[in-house]
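When you read off a place in the sequence shown, starting at 1, and then add 3, the result is the number in our numbering.
Since the structure comes first, as C-alpha coordinates, the remarks are kept for the end.
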Amino acid sequence: MKKRLVTALLSLCLLLSMSGCMGDKPENIIDKFCTAVIAYDEKTASQYIVDGNPEGFVPQLEIDSDADTTSIIEYIKENASNITYEIGEVSIDEDYATVPVHFTFVDASPIMVSTLSDYLSQAFLLAFSGVDDSAIDTLLVTIFNEKVDTVDAAEASIDIDFACEKVDGDWKISILSEEIRDDLMAVLTCNITKANETFW
4 MKKRLVTALL SLCLLLSMSG CMGDKPENII DKFCTAVIAY DEKTASQYIV DGNPEGFVPQ
64 LEIDSDADTT SIIEYIKENA SNITYEIGEV SIDEDYATVP VHFTFVDASP IMVSTLSDYL
124 SQAFLLAFSG VDDSAIDTLL VTIFNEKVDT VDAAEASIDI DFACEKVDGD WKISILSEEI
184 RDDLMAVLTC NITKANETFW
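What follows is the structure, given as C-alpha coordinates:
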(Lines of atoms letter the chains of each structure in order from A; the text may use other names.)
(Lines give C-alpha, C1' and ligand atoms only; values in the text may rest on other atoms or scores of the structure.)
Protein backbone atom coordinates (compact mmCIF):
# COMPACT_ATOMS: atom_id res chain seq x y z
CA MET A 4 0.00 0.00 0.00
CA LYS A 5 2.80 2.40 1.00
CA LYS A 6 4.76 1.47 -2.12
CA ARG A 7 1.79 2.26 -4.32
CA LEU A 8 1.26 5.59 -2.55
CA VAL A 9 4.94 6.53 -2.96
CA THR A 10 4.84 5.49 -6.62
CA ALA A 11 1.72 7.57 -7.19
CA LEU A 12 3.27 10.61 -5.50
CA LEU A 13 6.46 10.25 -7.52
CA SER A 14 4.46 9.97 -10.73
CA LEU A 15 2.48 13.08 -9.79
CA CYS A 16 5.67 15.01 -9.01
CA LEU A 17 7.19 13.92 -12.31
CA LEU A 18 4.05 14.96 -14.19
CA LEU A 19 3.99 18.36 -12.51
CA SER A 20 7.68 18.77 -13.20
CA MET A 21 7.16 17.99 -16.89
CA SER A 22 4.19 20.37 -17.06
CA GLY A 23 6.38 23.13 -15.67
CA CYS A 24 9.00 22.48 -18.31
CA MET A 25 6.38 22.40 -21.02
CA GLY A 26 5.19 25.86 -19.97
CA ASP A 27 8.68 27.33 -20.11
CA LYS A 28 9.07 27.31 -23.87
CA PRO A 29 9.40 30.25 -26.28
CA GLU A 30 6.61 28.89 -28.49
CA ASN A 31 4.19 28.98 -25.55
CA ILE A 32 4.93 32.66 -24.99
CA ILE A 33 4.41 33.35 -28.69
CA ASP A 34 1.11 31.45 -28.59
CA LYS A 35 -0.13 33.60 -25.69
CA PHE A 36 1.12 36.75 -27.39
CA CYS A 37 -0.66 35.96 -30.67
CA THR A 38 -3.90 35.13 -28.86
CA ALA A 39 -3.80 38.49 -27.06
CA VAL A 40 -2.91 40.43 -30.21
CA ILE A 41 -5.78 38.89 -32.20
CA ALA A 42 -8.10 39.92 -29.36
CA TYR A 43 -6.72 43.50 -29.69
CA ASP A 44 -5.48 43.20 -26.11
CA GLU A 45 -2.24 45.15 -26.30
CA LYS A 46 -1.89 45.36 -22.52
CA THR A 47 -1.79 41.56 -22.15
CA ALA A 48 0.37 41.11 -25.24
CA SER A 49 2.92 43.57 -23.85
CA GLN A 50 3.48 41.33 -20.83
CA TYR A 51 5.26 38.84 -23.07
CA ILE A 52 7.72 41.41 -24.46
CA VAL A 53 11.05 42.41 -22.93
CA ASP A 54 10.52 45.54 -20.80
CA GLY A 55 6.94 45.77 -22.03
CA ASN A 56 6.54 47.71 -25.24
CA PRO A 57 5.45 51.16 -26.37
CA GLU A 58 2.00 51.31 -27.93
CA GLY A 59 1.65 50.84 -31.63
CA PHE A 60 1.59 47.18 -32.62
CA VAL A 61 -2.15 46.73 -32.05
CA PRO A 62 -4.56 49.07 -33.89
CA GLN A 63 -6.64 51.34 -31.69
CA LEU A 64 -10.03 50.85 -33.28
CA GLU A 65 -11.89 54.00 -32.35
CA ILE A 66 -14.56 56.06 -34.06
CA ASP A 67 -13.15 59.01 -35.96
CA SER A 68 -14.42 62.36 -34.70
CA ASP A 69 -15.08 63.68 -38.21
CA ALA A 70 -16.78 60.63 -39.65
CA ASP A 71 -18.62 57.67 -38.18
CA THR A 72 -16.26 54.81 -38.98
CA THR A 73 -18.26 52.26 -36.97
CA SER A 74 -19.00 50.08 -39.99
CA ILE A 75 -15.31 49.87 -40.99
CA ILE A 76 -14.30 49.04 -37.42
CA GLU A 77 -16.99 46.34 -37.22
CA TYR A 78 -15.80 44.89 -40.53
CA ILE A 79 -12.23 44.66 -39.23
CA LYS A 80 -13.26 43.17 -35.88
CA GLU A 81 -15.56 40.61 -37.48
CA ASN A 82 -12.75 39.39 -39.70
CA ALA A 83 -10.35 39.14 -36.76
CA SER A 84 -12.14 35.91 -35.88
CA ASN A 85 -10.88 34.51 -39.21
CA ILE A 86 -7.22 35.12 -38.38
CA THR A 87 -5.34 31.88 -37.89
CA TYR A 88 -1.71 31.24 -37.07
CA GLU A 89 0.63 28.28 -37.03
CA ILE A 90 3.85 28.17 -35.04
CA GLY A 91 6.70 26.58 -36.95
CA GLU A 92 9.90 24.88 -35.87
CA VAL A 93 11.59 26.78 -33.08
CA SER A 94 15.33 27.43 -33.16
CA ILE A 95 16.95 27.74 -29.72
CA ASP A 96 20.53 28.82 -29.01
CA GLU A 97 21.04 28.88 -25.23
CA ASP A 98 19.08 31.93 -23.98
CA TYR A 99 17.92 33.06 -27.41
CA ALA A 100 15.31 31.64 -29.75
CA THR A 101 13.59 32.32 -33.04
CA VAL A 102 9.93 31.37 -33.36
CA PRO A 103 8.44 31.47 -36.88
CA VAL A 104 4.71 32.10 -37.12
CA HIS A 105 2.59 31.74 -40.26
CA PHE A 106 -0.49 34.01 -40.19
CA THR A 107 -3.48 33.64 -42.51
CA PHE A 108 -6.03 36.45 -42.63
CA VAL A 109 -8.69 38.24 -44.69
CA ASP A 110 -7.13 40.65 -47.19
CA ALA A 111 -9.46 43.60 -47.74
CA SER A 112 -6.93 45.58 -49.79
CA PRO A 113 -8.96 45.10 -53.04
CA ILE A 114 -11.92 46.69 -51.25
CA MET A 115 -9.83 49.56 -49.88
CA VAL A 116 -8.06 50.33 -53.16
CA SER A 117 -11.39 50.41 -55.02
CA THR A 118 -12.84 52.60 -52.25
CA LEU A 119 -9.99 55.12 -52.43
CA SER A 120 -10.15 55.29 -56.23
CA ASP A 121 -13.84 56.20 -56.18
CA TYR A 122 -13.38 58.50 -53.20
CA LEU A 123 -10.75 60.62 -54.96
CA SER A 124 -12.92 61.30 -58.00
CA GLN A 125 -16.14 61.88 -56.04
CA ALA A 126 -14.57 64.00 -53.31
CA PHE A 127 -12.93 66.20 -55.93
CA LEU A 128 -16.27 66.89 -57.58
CA LEU A 129 -18.04 67.47 -54.27
CA ALA A 130 -15.38 69.92 -53.13
CA PHE A 131 -15.95 72.08 -56.19
CA SER A 132 -19.73 71.86 -55.98
CA GLY A 133 -19.73 73.63 -52.64
CA VAL A 134 -21.28 70.86 -50.52
CA ASP A 135 -20.89 70.82 -46.77
CA ASP A 136 -17.59 69.37 -45.46
CA SER A 137 -19.51 66.74 -43.46
CA ALA A 138 -20.67 65.13 -46.72
CA ILE A 139 -17.06 64.70 -47.82
CA ASP A 140 -16.10 63.39 -44.37
CA THR A 141 -18.66 60.57 -44.56
CA LEU A 142 -18.07 59.80 -48.25
CA LEU A 143 -15.18 57.39 -47.66
CA VAL A 144 -17.20 55.29 -45.22
CA THR A 145 -20.21 55.27 -47.54
CA ILE A 146 -18.13 54.05 -50.48
CA PHE A 147 -16.36 51.46 -48.33
CA ASN A 148 -19.71 50.00 -47.23
CA GLU A 149 -20.79 49.73 -50.87
CA LYS A 150 -17.53 48.07 -51.91
CA VAL A 151 -17.81 45.44 -49.16
CA ASP A 152 -20.91 44.17 -51.01
CA THR A 153 -19.50 44.45 -54.52
CA VAL A 154 -15.75 43.73 -54.29
CA ASP A 155 -14.43 40.40 -53.06
CA ALA A 156 -11.87 40.31 -50.31
CA ALA A 157 -8.98 37.89 -50.73
CA GLU A 158 -7.03 35.63 -48.40
CA ALA A 159 -3.49 36.57 -47.49
CA SER A 160 -0.71 35.02 -45.45
CA ILE A 161 2.48 36.31 -43.95
CA ASP A 162 5.43 34.79 -42.08
CA ILE A 163 6.81 36.58 -39.05
CA ASP A 164 9.92 35.46 -37.18
CA PHE A 165 9.77 36.45 -33.52
CA ALA A 166 13.07 36.76 -31.66
CA CYS A 167 12.87 35.61 -28.03
CA GLU A 168 15.28 35.71 -25.12
CA LYS A 169 15.38 34.48 -21.55
CA VAL A 170 15.01 37.15 -18.90
CA ASP A 171 15.39 36.04 -15.28
CA GLY A 172 14.66 32.48 -16.37
CA ASP A 173 11.50 33.32 -18.33
CA TRP A 174 11.15 33.52 -22.10
CA LYS A 175 10.18 36.93 -23.48
CA ILE A 176 9.82 38.38 -26.95
CA SER A 177 12.61 40.75 -27.87
CA ILE A 178 11.64 44.31 -28.79
CA LEU A 179 9.45 44.27 -31.89
CA SER A 180 11.03 45.73 -35.00
CA GLU A 181 9.23 48.32 -37.12
CA GLU A 182 8.78 45.70 -39.84
CA ILE A 183 7.10 43.25 -37.46
CA ARG A 184 4.88 46.02 -36.13
CA ASP A 185 3.77 46.87 -39.68
CA ASP A 186 3.14 43.21 -40.49
CA LEU A 187 1.05 42.71 -37.35
CA MET A 188 -0.91 45.86 -38.14
CA ALA A 189 -1.63 44.53 -41.64
CA VAL A 190 -2.86 41.22 -40.24
CA LEU A 191 -5.10 42.91 -37.67
CA THR A 192 -6.60 45.44 -40.10
CA CYS A 193 -7.25 43.05 -42.99
CA ASN A 194 -4.36 44.65 -44.92
CA ILE A 195 -6.27 47.95 -45.04
CA THR A 196 -3.37 49.92 -43.55
CA LYS A 197 -0.88 48.66 -46.14
CA ALA A 198 -3.36 49.22 -48.98
CA ASN A 199 -3.86 52.80 -47.81
CA GLU A 200 -0.11 53.46 -47.61
CA THR A 201 0.51 51.89 -51.01
CA PHE A 202 -2.32 53.82 -52.69
CA TRP A 203 -1.14 57.23 -51.57
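Where is the CB? At the ideal position from N, CA and C, for every residue including glycine.
Ranking Ala100, Asn31, Thr141, Ile79 by CA distance to the CA of Ala189 puts Ile79 first. By the Cβ-count criterion, Lys46 is exposed, with fewer than 16 other Cβ atoms from all chains shown falling within 10 Å of its own Cβ. Contact between the region 167 to 181 and the region 87 to 103 is established, with three or more Cβ pairs separated by less than 8 Å. Where Ile163 is concerned, the enclosing beta strand (DSSP E) starts and stops at 157 to 170.
Per DSSP, Thr38 has no beta bridge partner at all. As computed with DSSP, Phe147 is found in no beta bridge at all. Counting the other Cβ atoms within 10 Å of the Cβ of Ala156 gives 16 or more, which makes it buried. Between the C-alpha atoms of Val61 and Ile76 there is a straight-line separation of about 13 Å.
Within the DSSP secondary-structure output, Asp110 pairs in a beta bridge with Ala157.
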